């Protein structure tokens, strides 16, 4: 800035010098022209010694005119444009330095921001955070109890641990249904097939459906008791409105139990051997567990596995149960999910009946 100011002052002074010089040059030329006219008058008079004086005056005037032109040319040769170019160059350099300074400051800012980032966020940039939107309803008795004890009701409702269990409890409930139903039905059906009474039963006609229903109902009754206990636990301990939506909950649980009981019975009819059936049942449970969305969210699966997982009966029932419990959806809004579960149940029932038919026919 100091150099630029000095250059501005120099350019200004040079321009003033040129203006003053032009004014001086013009006035001097006018004076010399007037002097030449007077000298010409003396020469033209022809009177001596005035004529001689006229010649001497013209000679001196010519010499002065030459010197004046030389000085004027020297001053005009001073080029203020060169100094202006130097000034512009300095301005450009100053702008470049300011731009570099701004870029360096931006780089420092980015480096500081990068230093604040957690290394785990860089290694795994896509992080899923689950924020539950459901807050449970507290019955008046529980609310009065906490007010009497002087406790904060917000601690009960918004506790992180409680909310976490509330969100995953329906999924855990259906996983319990899957494990208990499949293993229990497989064990009961294998016990029926290996019992000594099977030969006497096969000698009786029209026992196909009664024997099938006996295994199915026995499995269902044994399974439903612990499942009801889990539902009661979720309603009172985790404050989920299962009883408020008891019809929808029981319908979804009934369909889910029936599907897994039929799968277990189908494996037992198909494989026949107890040890191999239990191994296949455990493998199937692990397979279903991985595709249940409990270990790995369905959104983070591949395209094809995600489509397969979305059509599993456990995930369909889980979505329907979440809509009913957390978002207070009526039964009419769950028609599509219940219809799909019903179709899956009918399809599995037909497959199991076909397997049992060929199994009984082979025994006969």
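Numbering (this note's numbering), first residue to last: 204 to 567.
No residue lacks a Cβ here, since even glycine has one placed at the ideal position from N, Cα and C.
Keep in mind that this is a model prediction, so the values were computed, not measured.
For the candidate residues the options, whose alpha-carbon lies nearest to that of residue i?
i	options	result
residue 229	238, 259, 271	271
residue 396	227, 223, 562	562
residue 441	222, 416, 276, 373	373
residue 418	391, 311, 529, 301	391
residue 239	479, 264, 499, 247	264
residue 414	503, 436, 394, 482	394
residue 498	436, 564, 487, 375	375
residue 450	531, 479, 407	531
residue 448	302, 529, 482	529
residue 525	254, 371, 269	371
residue 274	313, 255, 232, 252	232
residue 564	429, 478, 409, 535	409
residue 514	535, 486, 539	539
Three-state secondary structure (DSSP) at residue i?
i	result
residue 438	helix
residue 397	coil
residue 477	helix
residue 532	coil
residue 514	coil
residue 381	helix
residue 495	coil
residue 500	coil
residue 561	helix
residue 310	helix
residue 319	helix
residue 362	With a pLDDT of only 49 at residue 362, under 50, the local geometry of the prediction cannot be trusted, and no value is derived from it.
residue 462	helix
residue 505	coil
residue 410	coil
residue 448	coil
residue 251	coil
residue 443	coil
residue 353	Interpretation of residue 353 is limited by its pLDDT of 49, a score under 50 that renders its predicted location unreliable; the figure taken from the coordinates is listed afterwards. DSSP places residue 353 in coil when its eight states are reduced to three.
Which whole-angstrom value describes the C-beta separation of residue i and residue j, a residue pair presumed to lie in contact below a C-beta threshold of 8 angstroms?
i	j	result
residue 545	residue 458	7 angstroms
residue 384	residue 464	5 angstroms
residue 472	residue 559	5 angstroms
residue 500	residue 547	Going by Cβ atoms, the distance from residue 500 to residue 547 rounds to 23 angstroms, so no, they are not a contact pair.
residue 261	residue 242	4 angstroms
residue 434	residue 445	5 angstroms
Can you tell me whether residue i is buried or exposed, with buried defined as 16 or more other CB within 10 angstroms of its CB?
i	result
residue 225	exposed
residue 369	buried
residue 570	Since the first residue of the chain shown is 204 and the last is 567, residue 570 is not available in this structure.
residue 363	With a pLDDT of 49 at residue 363, under the threshold of 50, the modelled position of that residue is not reliable, and the figure given next carries that caveat. Label assigned to residue 363: exposed.
residue 452	buried
residue 549	exposed
residue 257	buried
residue 420	exposed
residue 166	Examination of residue 166 is not possible in this model, given that the chain is present from 204 through 567 alone.
residue 462	buried
residue 480	buried
residue 491	buried
residue 505	exposed
residue 276	exposed
Does the distance from the CB of residue i to the CB of residue j come in under 8 angstroms?
i	j	result
residue 518	residue 512	yes
residue 455	residue 523	yes
residue 474	residue 551	no
residue 469	residue 555	yes
residue 537	residue 527	yes
residue 422	residue 484	no
residue 616	residue 495	Given that the chain is displayed from residue 204 to residue 567, the structure contains no residue 616 and the question cannot be resolved.
residue 235	residue 267	yes
residue 382	residue 542	no
residue 460	residue 427	yes
Is the closest heavy atom of the ligand MN to the C-beta of residue i under 7 angstroms?
i	result
residue 243	The ligand MN is not part of the structure shown, which contains no ligands of any sort.
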